[in-house]
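Chains as they are written, first to last, in the working numbering: chain A, 2 to 261; chain B, 25 to 131; chain C, 21 to 137. Backbone N, C-alpha and C fix where the C-beta goes; we use that ideal spot for every residue, glycine too. Remember, it's a predicted structure, so these values are computed and weren't measured experimentally. Heads up: the structure comes next, in structure tokens.
Shown next as structure tokens:
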């Protein structure tokens with residue numbers, strides 16, 4: 002077995018991903034590599050090599066999952082929503098069987114193993130918003146997320162702060178994202194604690210008549226599909242206003258210090 | 025992955041006990057290891073919103089169970105029933121349970 | 021009692037030494053004009069976590085629980101991708117799946133190999 006096989010990705014292969022297929026909605030220009038070898042880079046390789054040598058997994062499986070991780074991103078989710086907005090028959094299929102309908106935008110939840118991944122499974126459901134119903138997604142347990150459609154979850158979604166506070170004070174948390182909804186709108190929180198994976202289909206906004214699917218997809222950003230933002234013309238990126246959490250969750254360490 | 029485990033049909037695996045619209049209460053069972061049933065729903069009454077899939081009981085709860093298949097459900101709760109002094113009448117939360125975490129309640 | 025009790029958050033010397041050098045991605049990437057928001061090893065780390073879960077060595081829920089504890093304590097100040105990497109190494113070390121000396125030695129070998137290449 003060659004050194005490259007044994008150690009999986011070598012540096013030359015992993016770097017220089019200027020363009021991620023499906024990326025995060027942007028095409029990153031091929032950017033120069035950082036010209037230094039950090040301990041983090043070294044640690045990642047070392048952990049992986051030792052794990053492979055101890056038989057915890059194979060280089061082949063690792064390569065398969067790594068390629069999968071590089072391929073997924075929110076562009077697929079955006080396409081899914083745009084297609085549902087413009088094609089009522091597709092929307093009906095999507096609401097009836099989410100996993101199957103994803104194939105129509107090129108996403109197969111069974112990848113990369115044939116049975117999905119150990120976190121995403123294969124039970125995908127779309128949560129359809131209406132003018133009086135707004136969904137928002139969280140996983141209080143561990144931050145499960147529909148990665149085949151949205152890519153890797155953002156850090157804030159994984160934070161204990163979001164996970165604990167969204168279920169308790171959803172309107173306050175959404176306000177911190179800049180989203181304020183009137184009380185007549187039902188906010189429905191989906192805590193995805195088992196094997197179902199969810200994505201929000203927002204209401205198509207006003208001012209988008211006759212837009213192409215591509216133009217519509219551009220305003221369906223990741224945050225819209227989690228439910229912490231609404232799509233609107235002109236908004237093609239997720240920028241988080243910096244509102245400090247008014248009731249931050251105290252860490253266990255802080256509790257311990259307070260108790261001393 | 026659990027795909028390769030043989031799922032035998034067990035007493036509790038025959039038919040879904042609940043249907044959409046049924047009122048159910050989340051049991052409060054002791055967890056010995058990790059459970060996926062959150063503390064904040066224990067003892068709360070909700071409504072079956074969806075029947076999702078049949079699956080094995082989670083490994084981390086299999087302590088007292090014999091590896092059968094059971095139905096999973098999405099149950100919807102009023103936020104006002106989950107939290108003290110929740111001010112918004114309409115807000116809801118839904119989350120998913122295997123059947124053994126749910127008990128029927130009267131109408 | 022159970023192996024799944026809370027992760028020991030006592031610092032690991034090897035992992036402490038990696039921090040505080042200003043080598044986190046959000047610091048060094050701008051220095052080189054690299055626009056990718058994530059370090060190149062991030063997807064490989066994801067691959068490792070998936071493989072450990074599939075194989076049953078470290079199921080995702082267990083890893084996430086330990087990560088939460090570590091992220092709220094000793095790695096709280098570390099930015100996200102580095103924090104996840106340190107947390108994984110920490111968990112594997114505390115579970116005895118790798119030893120600190122093996123890891124240190126392998127890091128040395130890897131660095132030499134990369135610097136020669």
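N-terminal and C-terminal residue of the beta strand (DSSP E) that residue 199(A) is part of: DSSP places residue 199(A) inside the beta strand (DSSP E), whose first and last residues are 197-202.
Pick from 75(B), 92(B), 48(B), 40(B) that is closest to residue 82(B), judged by C-alpha positions: 92(B)
Residues that residue 168(A) contacts on chain B, provided the C-beta gap is smaller than 7 Å: Close partners of residue 168(A) in chain B (Cβ separation under 7 Å): 64, 117.
Same chain, Cβ closer than 7 Å to residue 22(A), neighbours up to 5 away in sequence not counted: Confidence at residue 22(A) is low in this model, with a pLDDT of 40, below 50, so its placement is unreliable and the value that follows should be read with caution. Once the five neighbours on either side are set aside, the close Cβ partners of residue 22(A) are 72.
Residue from 41(C), 104(C), 89(C), 85(C) with nearest C-alpha to residue 63(C): Taking only the C-alpha atoms, the option nearest residue 63(C) is 104(C).
Contact with chain C by residue 62(A), beta-carbon distance below 8 Å: yes
Per-residue DSSP class, three states only, for residue 225(A): helix
Interfacial residues, the segment 52-65 of chain C to chain A, with Cβ spacing under 9 Å: 52, 53, 54, 55, 56, 57, 58, 59, 60, 61, 62, 63, 64, 65
Contact list for residue 157(C) against chain A, beta-carbon separation under 9 Å: Since the first residue shown for chain C is 21 and the last is 137, residue 157(C) is missing from the structure and cannot be characterised.
Alpha-carbon to alpha-carbon, residue 196(A) and residue 146(A): 10 Å
Residue span of the beta strand (DSSP E) that contains residue 126(B), given as start and end: 126-128
Expected contact under 8 Å - CB spacing of residue 68(B) and residue 50(B) to nearest Å: About 6 Å separates the two Cβ atoms, so the contact holds.
Sequence-distant residues of the same chain with beta carbon closer than 6 Å to residue 32(B), five excluded per side: For residue 32(B), the pLDDT reaches just 39, beneath the cut-off of 50, and the residue's location in the model is therefore unreliable, although a value from the coordinates is still provided. Nothing meets the Cβ criterion.
Bridge partner(s) assigned by DSSP for residue 122(B): 96(B)
Buried versus exposed call for residue 113(A) [16 or more other C-beta atoms within 10 Å across all chains shown]: buried
Nonlocal neighbours in the same chain, by C-beta distance under 6 Å from residue 102(A), ignoring five residues either side: 94, 95
Which of helix, strand or coil DSSP assigns to residue 70(B): Strand.
For residue 40(C), the first and last residue of its enclosing alpha helix (DSSP H): Premise fails: residue 40(C) is in no alpha helix (DSSP H) and is neither H nor E.
Which listed residue (212(A), 201(A), 206(A)) has its alpha carbon closest to that of residue 223(A): The closest CA to that of residue 223(A), considering only 212(A), 201(A), 206(A), is found on 201(A).
Contact with chain A by residue 102(C), beta-carbon distance below 8 Å: yes
CB contact below 8 Å: residue 194(A) versus chain B: yes
N-terminal and C-terminal residue of the beta strand (DSSP E) that residue 125(A) is part of: 124-129
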